[in-house]
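Listed in order, the protein sequences are those of chains A and B. For the first sequence, the positions run 80 to 465 when our numbering is used. For the second sequence, the positions run -10 to 728 when our numbering is used. Taking it in order: structure first as structure tokens, then the write-up.
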Amino acid sequence: MSMELLSANHAAATATILAGEANRDARGFGCGVYPITPQTECIEKLCRHEFTKGEVVRVESEHSAMAVCMGFVLSGARSFTASASNGLAYMVENVYNVALYRVPMVMMAANRTLGPPWNIWVDHGDALLLRDSGWIQFFCEDNQEVLDTTLLAYRLAEDHRILLPVLVNQDAFVLSHTMMQTDVPDQALVDAFLPDLDLPHRITDVPVTIGGLDFPHETEVHRRQHAEAMDRVPDVLAECEDAFEDIFGRRLPGPIVPYRMEDAEMCLISMGTTASTVREVVDREREKGRRVGSLRLRMFRPFPIAPMQQALAQCTRIGVLDRNISLGLGGITWPEIMATVPRDALVQNYMIGLGGGDIRPQDIQGIVDDLWKREQSESPKIVEVG
Amino acid sequence: MSSSQEIRLHGRGGQGGVTCAKILAAMYARLGLSVQTFGDYAGERSGAPIRAYTRISDQPITNRNKVYEPDSILVLDPTLIGPELLSGLKPGGALLINSPEPPEAFAERYPDHRIGVVDATGIARKHGIGTRSLVIVNTTIAGAFARMQDLSLELLEETYTSLGFHSNYDAGKEAFDSVWIREALEGGAAQEEAPGQEQPAPAKVIDSIQEHRESLPPLLKTGSWKTQHPIYVENLAPCNAWCPAGNDVVGFIQSVAAGEVDQAAQILATTTPFPGVCGRVCPAPCMEGCNRTEYDGSVQIRGLERWISDREGNPKPDIETPATKRSIGIIGSGPAGLSAAYTLALKGHEAHVYEGEDELGGVLRTGIPSYRLPREVIDREIGNILELGVEAHMGSFFCSTDLEELAKKHDALILSTGLQQLRELDLPGKSLSGVEQGIHFLHRVNLEKPDAMSGHVVVLGGGNTALDCARSALRSGASKVTIAYRRTRAEMPAIREEIEEAIEEGIEIQLQRQPIAFVGTDRVEALRLAEVDMGDPDESGRRRPVVSDRELTIECDHVLLALGQSTDKSPLPETWTLDGEHVQTGDEALRVYASGDIATGEGTVTHAIGNGRRVAHLALQALGEDVVVFERPDRARSVPMTDIRLDHFERRAQNSEQHLDAEARSRHFDEVNQGLVDCGEAHRCFSCGHCTRCDTCLVYCPEGIVRRDADSYRVDYSYCKGCGICVEECPRKAMEMTT
């Protein structure tokens, strides 16, 4: 292992290179890439790497990038791509194809606001556009977590009980372009963690037709199988986390990351790096003797209903912080979280940091103060951080 | 004792601020501390104000915010200094400014802060750090910051090495050593710009599109962002730097390219009376220097010079009228003497040329055969010199007293007698009939009439004289000609094309052969040669020949010696000593100069032309005339190949000159080289360092603020952000960035 000063873009690329090399004795690695701010540095690093077996194909669009990845995986290679914002939007058709063909690959999204007008900063709306696409989704909080989750994602995706693609999200710039010391594992350890990709439906030299017409009764079966695979994720994920800890000596957080939740009356729920700032405010509140906790939603799909219900059971005041907006509704995670909170809790939705503003502790403090004095919840509120 | 600190950098897009922040972080990471570093990203363009940040802590860093209350601020561009820049800086915090200004001014302004001032831009420029067009200061200022933070030079060097910047370490070290530091003053009060909490500016709310229309944003003069700006410059082209005669090569080629052949001829006439001669016999160092050589073959410059001369002849430049008309005597009418005479005549002075032969031209006439240099070309160019009023005195041979008299008669005397001493070969049989100096043979062939040669002629030597002897012998009736040279072909000093043409004509070249004896009773019948092995390089860089004991004999009827020539000082007065171009008696400098081979031994027409002009200048200067003495340009200063944007140029092979067929040419003295068919070669010229109005700068400017203006371009500096793209894209290095 070596400690390197890496951006989260490079952390994702580094993990991918390790994972790709780990499949060198099987069908290698191959992917299609297309640049977009703020993930370009990630694919640039991939393009610079000469894989022992495999190649990085530079295509003309995100739609083709995903198509190339799909082809690689279906022929047995490990694959990866990265995108963001409107690039992801352009890719959507093939994003669905990858999930519905049960293609176990990994994608990184450096979450960026959808335009126009153009904005390059963080907002989770791009990944949440893919909410119903059938991909597993993680939201990371720091560079190490990006690297580790990317490795974990391959093992989870390729497990025969799952066989689903995984989207590993990182906040634009706040992570993608921020360099921090990151522990990079040796190839031998990654080789041990990631066995050769064994795809049951790999295309061989026997011609087959894939994705022909599915009649309603067949689609019902396929959807049920896909949903059951999603249902199996929590258990398989736990196994993967155990294996990860065995091999790399550190444990990844689970689907939700509670902080000082033991006796919390109030809980602020968030995704990505917002949680780091929330924890600082939790500490300040705790110093004042107020029972506040933080809960970070790390796995967004499948949605961790049971762990959330359990973690929130004693909370009476819940703030749901969305760095996204479903226009005409409110924060996208809010109604989902509503399904997991105690019946009598006061739940208020705040959309904060839309378009990538710097969410500072005083901004979170304002939410905490609002939540303490609130007698009833209102419609979702947009908090401007300027 | 604080266990963490926060650093904020202010710079402009293109200065490398984000990388600078990374260098700082990497230094602390090497000390085992946790670090975090990032930039402010936007649709930032070159020159736009940017910020970058570094956090350092002995605890894991979880702060995801920007830095609002820094412990230190680095300012990469001093024009950014203002109240907003200093906002949040903690009292006693450090402020490091990149500026060439005297540091005291900043020190007075910020008494509350620890101040460092360093001219990082100047240091980076000196060390050549940056892209092809822009100076980049990030690595340099990091060195100054290391010093302010009491970090060690070793740490700085290790960090640069680990990041792959080791070549920038010297600049970083210079900044480390030279940064001016003043501690925060106790009780000092900031005179202005008291730092305070930064209040994020509230976003401007535009209530309706109507209001937006009525309140147009203020004009943003993006020119205020720039730290550097582009200018049009003329840089030394390698052809010009390589030309020993000092011709404006790129100038005449570009004139041809522009269809102005008469102008090209005039450009040549300012520096040389011999474009027709040099266009034929010059070894063309310009073509060796040509940046096109590595790309697809050099421009055929010699051919173009001849092409111009064949069409335009020798235009007569304007003759100056000096205040005092000087009289200068010139001994010898070779290219050096005639170049000196031409220079003096153009300056309006009297030039008297003394020549021992009956015709002017020296080696041009006696040494170079007419199949290379037709007599009519020599006659035309010398006639042109005489038309300028140069006086020729033929059949003048001198003894030492004559020279002293001549020196008194003229205001100055220039000796340009060339290399008259022929190298002998002290071997058994050297006096046999049929063994003679090649120069004597050439003299007969060139001045009298074609000598009758017969049988097998062996020429000893590898220079141009050897080649001239061999090819002239063939044309004079020799049935077979062999050149024997003691080193390898790569080391033959002769012009490459001459060697190739000789081989085409059937001349055999035996390499690594050292003569050891001439064999025969009365007349030479054979030559004994030893095989030579090549040893280590000597001081000239050529490998030293090592004579072996393996011998061979070739039968032959004639042997011509072409082993080199040296200066013959015997006609000089005993008291005169030659010191390069100067002649003196004891310590007293005489108004007597030496020019051409006698002074330099460089042995080519082009060198002689340049030196003749230079020595004429030296003589005039010593007489008090206002003259700029010609100096050969420094080749190292010329535009290197790496500065040419090759993407802008199509690969196109050189247009070769037309030659008479080897079979047809080798039995008579008609000119072998028929020259270029057209002047298309001029369009292959990169025009290194010389703007051709190609519009690349105009086309590539992302701001659209480069406009054509008379013969050049005009940049609207009020909108130029100093991105450097025009300079980067200039195909020929005719632009540069300046501050």
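Glycine is no exception: its CB is placed at the ideal position from the N, C-alpha and C atoms.
Contact set between Gln25(B) and chain A, taken where Cβ atoms lie within less than 8 angstroms: Thr257, Met258, Met259, listed in chain order.
Cα-Cα separation between Phe218(A) and Val247(A), rounded to whole angstroms: Taking the straight line from one Cα to the other gives about 6 angstroms.
Ala18(B) at chain A interface by Cβ criterion, 7 angstroms: Cβ-Cβ to chain A under 7 angstroms: yes for Ala18(B).
Residue nearest to Gly664(B) in terms of C-alpha spacing, selected from Ala14(B), Asn127(B), His102(B), Gly292(B): For the residues Ala14(B), Asn127(B), His102(B), Gly292(B), the minimum Cα distance to Gly664(B) belongs to Gly292(B).
Under 8 angstroms by beta carbon: chain A residues contacting Ile50(B): Ordered by position in chain A, the residues that pass the 8 angstroms Cβ test against Ile50(B) are Met259.
Chain B contact residues for Asp437(A), given Cβ-Cβ distances below 7 angstroms: Chain-ordered, the chain B residues with CB closer than 7 angstroms to the CB of Asp437(A) read Asn54, Lys55.
Minimum Cβ-Cβ distance from Tyr284(B) to chain A less than 7 angstroms: So no, Tyr284(B) is outside the interface.
Contact list for Lys11(B) against chain A, beta-carbon separation under 8 angstroms: What Lys11(B) touches in chain A: Leu84, Met258.
For Arg240(A) and Leu179(A), the rounded distance between their alpha carbons: So the two alpha carbons sit approximately 15 angstroms from each other.
Thr261(B) versus Val704(B) - alpha carbon distance: If you take the alpha carbons of Thr261(B) and Val704(B), they lie about 38 angstroms apart.
7 angstroms Cβ shell around Lys124(A) - same chain, five flanking residues per side excluded: These residues qualify, in order along the chain: His89, Ala92.
Rounded straight-line distance, which links the Cα of Glu324(A) to that of Ala317(A): Spanning the two alpha carbons is a distance of roughly 11 angstroms.
For Cys267(B), the three-state DSSP class (helix, strand or coil): Note: Cys267(B) maps to helix in three-state DSSP.
Residues, ordered as in the chain, of the region 105 to 121 of chain A that lie near chain B by beta-carbon distance below 9 angstroms: Going along the region 105 to 121 of chain A in chain order, one finds Thr116, Pro117 with a Cβ nearer than 9 angstroms to chain B.
Min CB distance Phe252(A) to chain B below 7 angstroms: Chain B, which has a Cβ nearer than 7 angstroms to the Cβ of Phe252(A), makes this yes.
Nonlocal neighbours in the same chain, by C-beta distance under 6 angstroms from Pro146(B), ignoring five residues either side: It should be noted that the sequence gives Glu, not Pro, for residue 146(B). Hits under 6 angstroms: Tyr158.
Residue from Ser81(A), Cys121(A), Asp277(A), Glu83(A) whose Cα sits closest to the Cα of Ile96(A): Comparing alpha carbon positions, the residue from Ser81(A), Cys121(A), Asp277(A), Glu83(A) closest to Ile96(A) is Cys121(A).
Alpha carbon of His301(A) to alpha carbon of Asp277(A), nearest angstrom: Computed Cα separation, rounded: 21 angstroms.
is_contact[Ser158(A), chain B] using C-beta, thresh 7 angstroms: Interface residue (Cβ-Cβ distance to chain B less than 7 angstroms): Ser158(A) is not classified as such.
Contact set for Met276(B): own chain, Cβ-Cβ below 6 angstroms, skip 5 residues either direction: Short of 6 angstroms from the beta carbon of Met276(B), and not among the five residues preceding or following it, lie these beta carbons of its own chain, in chain order: Ser287, Ile290.
Host beta strand (DSSP E) of Leu65(B) (start-end): Note, Leu65(B): premise wrong, no beta strand (DSSP E); not H, not E.
Helix, strand or coil at Lys460(A) [DSSP, three-state]: Strand, per DSSP.
Integer Cβ distance of Val201(A) from Asn190(A), believed to fall under 8 angstroms: The Cβ separation is near 6 angstroms, so the contact holds.
Chain-ordered neighbours of Ser355(A) on chain B, where CB pairs are closer than 8 angstroms: Those within 8 angstroms of Ser355(A) in chain B are Thr51, Asn52, Arg53.
Test: Thr412(A) CB closer than 7 angstroms to a CB of chain B: With 7 angstroms as the cut-off, Thr412(A) does not count as an interface residue toward chain B.
Contact the region 520 to 529 of chain B vs the region 685 to 701 of chain B: 3+ CB pairs below 8 angstroms: No: fewer than three Cβ pairs fall under 8 angstroms.
Which of helix, strand or coil DSSP assigns to Asp101(B): DSSP places Asp101(B) in coil when its eight states are reduced to three.
7 angstroms Cβ cutoff, Ala588(B) in contact with chain A: At a cut-off of 7 angstroms between beta carbons, Ala588(B) makes no contact with chain A.
Which of helix, strand or coil DSSP assigns to Trp296(B): Reduced to three states, the DSSP call for Trp296(B) is helix.
Three-state secondary structure (DSSP) of Leu607(B): Look at Leu607(B) here: in three-state DSSP terms it is helix.
For Tyr702(B): DSSP bridge partner residues: Note: Tyr702(B) is bridge-paired with Arg697(B) in the DSSP secondary-structure output.
Status (buried if at least 16 other CB within 10 Å, exposed otherwise) for Trp214(A): Buried, by the Cβ-count rule.
Within-7 angstroms CB hit, Leu352(A) to chain B: Per the sequence presented here, residue 352(A) reads as Thr, with Leu not at that position. Answer yes: the Cβ-Cβ gap between Thr352(A) and chain B drops below 7 angstroms somewhere.
Per-residue burial, Ile242(B) [other beta carbons within 10 Å of its own, 16 or more giving buried]: Flag for Ile242(B) reads buried.
C-beta atoms of Cys769(B) and Met724(B) nearer than 7 angstroms: No statement about residue 769(B) is possible, as the shown extent of chain B runs from -10 to 728 and does not include it.
For Thr216(B), the three-state DSSP class (helix, strand or coil): In the structure shown, Thr216(B) sits in coil (DSSP, three-state: anything other than H, G, I, E or B).
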